[in-house]
Structure formats: structure tokens, C-alpha cells
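In order, the protein sequence lines correspond to chains A and B. Offset between the first sequence (1-based) and our numbering: plus 48. Offset between the second sequence (1-based) and our numbering: plus 107. The beta-carbon is built from N, C-alpha and C at its ideal position, and this holds for glycine as well. Computed from a predicted model, the values in this text were never measured in an experiment. To keep things clear, I will list the structure first and then write my remarks on it.
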Amino acid sequence: MVQPTLPKRIDEPAHHVFPEDSPVGRAIARAADAVAAALSELSGIQVHASNPEANLLPLADLPNIGGSPGDTVVTLFLTYDGTDSGQIILIYNLDQARALVDQMLWNPPGTTFDFDEMELSALAESANILGSHFLTAIANISGAELDISIPEPLVDLRGATLSIPAAAAASSGDSFLSIRSDFESDGASILGTTLLVIPDRGVESVMMRSLT
Amino acid sequence: MTVAARTKLTQIPVGLGEIKYTNNAQEVLVAYGLGSCVGIAIWDNSSGVAGLAHVILPTSVASSRPNDNPLKYADRAIPLMVNELRRLGGNPSRMVVKIAGGAQMLKSAGRSEVFNIGSRNVEQVRREIERAGLRISGEDVLGHQGRTMSLYPSDGRVTVQSAGNLRDL
């Protein structure tokens with residue numbers, strides 16, 4: 049590969065991690081636990097939150113959240129507003145999405161393959177439940193009053209779906225605040241589910257300011 | 108070049124707001140998962156130098172941040188890219204330009220105005236390519252699906268993969 053002579057970016061954002069034992073870290077962990085409990089109920093297997101965290105990340109990292117940008121995933125988009133605003137993005141890998149649909153629709157395991165209206169409706173309902181659990185937990189801690197939108201499902205490349213929040217984040221800088229948790233089962237198998245929350249105003253959001 | 112031969116090539120990912128260049132025939136430049144973003148592939152058919160840009164937004168007009176990454180904007184990335192290709196031995200009269208992306212990923216009316224940046228990206232890219240004195244010879248843009256775009260500097264071929272289909276552009 050040829051190295052260009054173009055100037056390097058001089059505003060490369062630093063990874064700014066909110067430690068686990070900080071007020072933000074604890075709040076995110078509690079909210080992620082609430083989501084894990086709801087996901088356990090939906091999926092019928094014990095699920096726990098894995099590495100819940102809040103980080104300020106370079107914009108270039110966004111399409112890689114939870115895996116490769118070239119993977120096909122099921123993504124559910126929600127927005128929230130009220131005393132604060134932002135986006136909630138729930139990403140399922142295809143197998144996890146199929147298993148969850150089977151569970152929610154009382155199908156025998158292995159029934160679901162394609163994602164038509166009924167399957168996407170079930171997954172949208174899951175996003176509604178999980179997103180609401182997350183926001184309710186945060187609101188209980190921060191005192192924020194938040195309303196959540198109807199989920200919109202999308203089955204496409206991870207990078208393409210995450211171009212939606214990327215475009216919004218790019219218009220206000222070269223980094224974004226990522227509040228994120230993955231979810232795993234008690235066994236070795238990883239469910240392949242990622243919950244990503246991106247407050248519109250990043251670290252200046254009401255949510256983050258009330259937690260710090 | 109055969110498909111089998113291509114599988115041995117080194118893939119160079121081109122991320123959000125990046126431009127990568129190569130004249131190495133053993134490499135392939137790849138922009139994974141283009142949604143509303145646009146990939147701009149430029150290849151000089153004489154020197155073999157190639158560049159692939161991955162722009163996110165149409166213009167930098169609304170930005171007041173002096174240190175913003177210029178490569179995320181179509182209006183700033185494309186002139187920089189053409190100049191760099193020229194410096195690397197490219198000649199604008201021999202440059203072949205192909206573009207892909209600019210999809211509207213979400214269809215709901217309530218969000219389309221906020222999020223449908225794809226068509227504005229495509230319009231701006233076309234404008235900047237024309238302003239640079241170049242011509243687009245192939246494109247796969249708009250619609251509602253994500254795409255992965257690859258540029259092979261060995262022969263200038265550009266492929267686009269979308270919804271499981273791989274095609275030459």
C-alpha cells in the first residue's frame with residue numbers, strides 16, 4: 049500500500065474510558081443487567097451482560113462494533129428523547145435472531161430462517177423491551193425523563209446499518225460516545241447480541257452529566 | 108484474473124473517512140458495508156496506481172471545527188484524492204472513476220429527512236468528480252441496501268457485493 053503525503057489528523061480522539069467503579073460505569077452495568085434479565089426471559093436461557101462500558105471512540109470504530117462491518121446482521125433502531133436524546137441500536141447476529149424469533153413465536157427450534165414481516169415484528173418487540181429496560185434503569189438512576197420510539201428493523205451488512213449513526217456522529221465531530229454491552233449465555237456460546245446507545249450530545253448529554 | 112487468484116490478494120480495508128492508495132497488484136482495496144456512505148474508486152490505467160475513498164458526508168460547509176477529518180467529506184476528500192493520485196504518478200486523463208453506496212438505509216418517513224444523507228452524498232460526489240475534470244464510468248448507488256466495494260489495482264476492476272450478489276461495476 050502506498051503511504052499518502054496527506055497531513056495526519058491532528059484531532060485524533062483519545063479513548064476515554066469511564067472506569068467500571070465510576071458512577072457512570074456502575075450505572076451502565078446496572079442498566080445492562082436489567083437488559084440481560086429481560087433477554088433471559090425472552091430467549092428462555094440464562095443471559096448475562098458482558099463488558100458493559102462507556103467509551104469515547106474514534107468514528108472509524110463505529111462500523112466494527114460487535115464484529116466485522118461485512119457481516120450480515122439484524123439491527124433494530126430506536127431513538128429516545130425527552131430531557132435527553134439519542135439512539136439505541138440493538139444488533140443480533142443471524143443465528144441469535146433466528147433463535148430468538150423461534151422462542152418468541154413458540155416455534156420449534158430451527159424453524160425460522162428468513163426474516164419476513166412477522167419475524168421482524170417479533171424482533172422489533174424484543175428491541176422495544178430491551179431498549180425500555182435499559183432506559184428505565186438509566187432514568188431511575190439519573191432522573192432523566194425519556195420517551196422511546198418504535199423500533200425499526202434492518203437486515204443488512206453491519207457496516208451499512210451502522211452508517212446511520214455514523215452519519216449523525218460525523219456531523220458533530222470525529223468521535224462518538226459509545227455506551228455498549230454485549231450479552232452472553234452462561235455456557236461458552238456467545239449470543240452475538242450487542243446493545244449500543246449513542247447519546248446525541250455525547251459526554252455533554254443530560255444522561256452522562258447526571259451520572260457523573 | 109480468476110476468482111481463485113483473487114482470494115490470495117491482501118485485503119486493505121478502507122474505513123469511514125479514510126482514503127487508501129496502492130499500486131501493488133497483490134493488494135485489493137475494500138470498503139466494507141457502505142450504507143449511506145459513498146465509496147469512490149479511482150484507478151489510473153497507465154501507472155496502475157489506485158485509490159479508494161470512503162466518504163460519510165457531502166460537504167464540510169456546516170463544520171466550524173478546523174481540525175475535522177477532511178476525508179469524511181466528499182467536497183474535501185475528492186480533490187485531495189485526485190491530487191495525491193497525481194503525485195503518485197497518475198494522470199487525470201487516464202483516471203477511471205467508479206462509485207458505489209449512497210443508500211437510504213431506513214425507510215420510515217419520520218427519520219428519512221434526518222438520516223437519508225445517501226442521496227446528497229451521491230450528488231456531491233458526482234459534482235466533485237466533474238469539478239476535478241473526471242468522468243464516472245460506472246456506479247451502483249442509492250436504493251436501500253448496503254454494499255461492499257472492492258478495487259483491484261492489477262486491472263482496475265471494481266466489484267460490488269450486495270445482498271449476497273457479487274458483480275463487476
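query = Quick check: the region 211-229 of chain A against the region 160-171 of chain A, are there 3 or more CB pairs under 8 angstroms?
reply = Touching, no, given that fewer than three Cβ pairs across the two stretches are closer than 8 angstroms.
inquiry  = Just checking: is the beta-carbon of B:R193 within a distance shorter than 9 angstroms of some beta-carbon in chain A?
reply    = So, not an interface residue.
query = For B:Q252, which residues of its own chain have a beta-carbon under 7 angstroms away from its beta-carbon, when the five flanking residues on both sides are left out?
reply = Non-local beta-carbon contacts of B:Q252 in its own chain, meaning distances under 7 angstroms to residues more than five positions away in sequence, involve A210, S269 and A270 in chain order.
task = Give a yes or no on whether 9 angstroms exceeds the smallest Cβ distance from B:G263 to chain A.
result = No, no contact with chain A.
ask   = Quick one: what's got a C-beta closer than 7 angstroms to A:T260's C-beta in the same chain, skipping five residues either side?
value = Taken in chain order, the residues that qualify are P71 and V72.
query = chain B partners of A:S219, CB-CB under 9 angstroms?
reply = Those are I163, L164, A169, S170 and I224, listed as they occur along chain B.
inquiry  = Using a Cβ-Cβ cutoff of 8 angstroms, what residues of the region 126-160 of chain A are near chain B? List them in chain order.
reply    = Of all residues in the region 126-160 of chain A, T127 have a Cβ within less than 8 angstroms of some Cβ in chain B.
query = Residue ranges of each alpha helix (DSSP H) run of no fewer than 4 residues wholly in the region 113-178 of chain A, ordered along the chain?
reply = DSSP runs (the alpha helix (DSSP H)) wholly in the region 113-178 of chain A: 142-152.
task = For the alpha helix (DSSP H) containing A:E89, list its first residue and its last residue.
result = According to the DSSP assignment, A:E89 belongs to the alpha helix (DSSP H) that extends over P71 to S91.
ask   = Which of the three DSSP states, helix, strand or coil, is assigned to B:E191?
value = Here B:E191 sits in helix by DSSP.
key: Other residues of its chain near A:Q135: CB distance less than 6 angstroms, five sequence neighbours each side excluded   = Once the five neighbours on either side are set aside, the close Cβ partners of A:Q135 are T127, P213 and I246.
message = If the cut-off is 9 angstroms on Cβ atoms, which residues from the region 121-140 of chain B count as contacting chain A, listed in chain order?
response = Listed in sequence order: G122, L123, G124, E125, I126, K127, Y128, T129, N130, N131, E134, L136, V137, A138, Y139 and G140.
inquiry  = Within a Cβ cutoff of 8 angstroms, which residues of the same chain sit near A:D143, ignoring the five residues on either side of it in sequence?
reply    = Cβ-Cβ distances below 8 angstroms link A:D143 to G240 in the same chain, with the five nearest sequence neighbours on each side left out; the list follows chain order.
query = With 16 as the cutoff for other CB atoms within 10 Å, does A:L153 come out buried or exposed?
reply = Its Cβ having fewer than 16 others within 10 Å, A:L153 is exposed.
query = Is A:P247 close to chain B, meaning its C-beta is less than 9 angstroms from at least one C-beta of that chain?
reply = No, no contact with chain B.
message = So the candidates are B:R238, B:R233, B:N131 and B:V204; which of them puts its Cα closest to the Cα of B:M256?
response = The candidate whose alpha carbon is nearest that of B:M256 is B:V204.
Residue from B:L273, B:S261 and B:I149 whose Cα sits closest to the Cα of B:P186 = Comparing Cα-Cα distances from B:P186 to each of B:L273, B:S261 and B:I149, the minimum goes to B:I149.
inquiry  = Buried or exposed, going by whether 16 or more other CB atoms sit within 10 Å of the CB of B:E220?
reply    = The pLDDT assigned to B:E220 is 43, lower than 50, so where the model puts this residue is not dependable; a value taken from the coordinates is nonetheless given after this. By the 10 Å Cβ count, B:E220 comes out exposed.
key: Under 9 angstroms between C-beta atoms of A:S258 and A:S190   = The Cβ atoms of A:S258 and A:S190 lie closer than 9 angstroms to each other.
query = Applying the criterion that 16 or more other CB atoms from any shown protein chain within 10 Å of the CB defines a buried residue, is B:L273 buried or exposed?
reply = Exposed: under 16 other Cβ atoms inside 10 Å.
request  = Whole angstroms is fine: what's the gap from A:G118's alpha carbon to B:L159's?
outcome  = C-alpha of A:G118 to C-alpha of B:L159: approximately 17 angstroms in a straight line.
Beta-carbon spacing of A:P201, A:L244 below 9 angstroms = Result no, Cβ atoms of A:P201 and A:L244 do not sit closer than 9 angstroms.
ask   = Quick one: what does DSSP say B:P173 is sitting in, helix, strand or coil?
value = Note: B:P173 maps to coil in three-state DSSP.
request  = Verify the CB distance criterion: does B:A216 have a CB-CB separation below 9 angstroms to chain A?
outcome  = Because the pLDDT at B:A216 is just 48, under 50, the model does not fix this residue reliably, and the value given afterwards should be weighed accordingly. For B:A216, not one C-beta of chain A is nearer than 9 angstroms to its own C-beta.
inquiry  = I believe A:A185 touches A:R78 by the beta-carbon criterion, under 8 angstroms. Please report the beta-carbon distance rounded to the nearest angstrom.
reply    = Contact between A:A185 and A:R78 holds, with the beta-carbon distance rounding to 6 angstroms and staying under 8 angstroms.
Which residues DSSP lists as bridging B:P120, in chain order = Beta bridge pairing from DSSP links B:P120 with B:V137.
message = Going by C-alpha to C-alpha distance, which of A:V83, A:S253, A:I76 and A:G114 sits closest to A:S174?
response = Just measuring C-alpha positions, the residue of A:V83, A:S253, A:I76 and A:G114 sitting nearest A:S174 is A:V83.
Run of the beta strand (DSSP E) containing B:G263, from where it starts to where it stops = Note, B:G263: premise wrong, no beta strand (DSSP E); not H, not E.
message = For B:R254, tell me which candidate among B:S143, B:I119, B:L136 and B:G124 has the shortest Cα-Cα distance.
response = When the alpha-carbon of B:R254 is set against those of B:S143, B:I119, B:L136 and B:G124, the nearest one is in B:S143.
Under 8 angstroms from the C-beta of B:M212: neighbouring residues of chain A = Taking a Cβ-Cβ cut-off of 8 angstroms, the neighbours of B:M212 in chain A comprise L202, D204, A208, T209, S211 and I212, given in sequence order.
message = Tell me the residue span of the alpha helix (DSSP H) that contains A:P106.
response = First-last for A:P106: V95 to P106, but that is the beta strand (DSSP E), not the alpha helix (DSSP H).
query = For a contact meaning CB atoms closer than 7 angstroms, what does B:K179 contact in chain A?
reply = Residues of chain A passing the Cβ test: A218.
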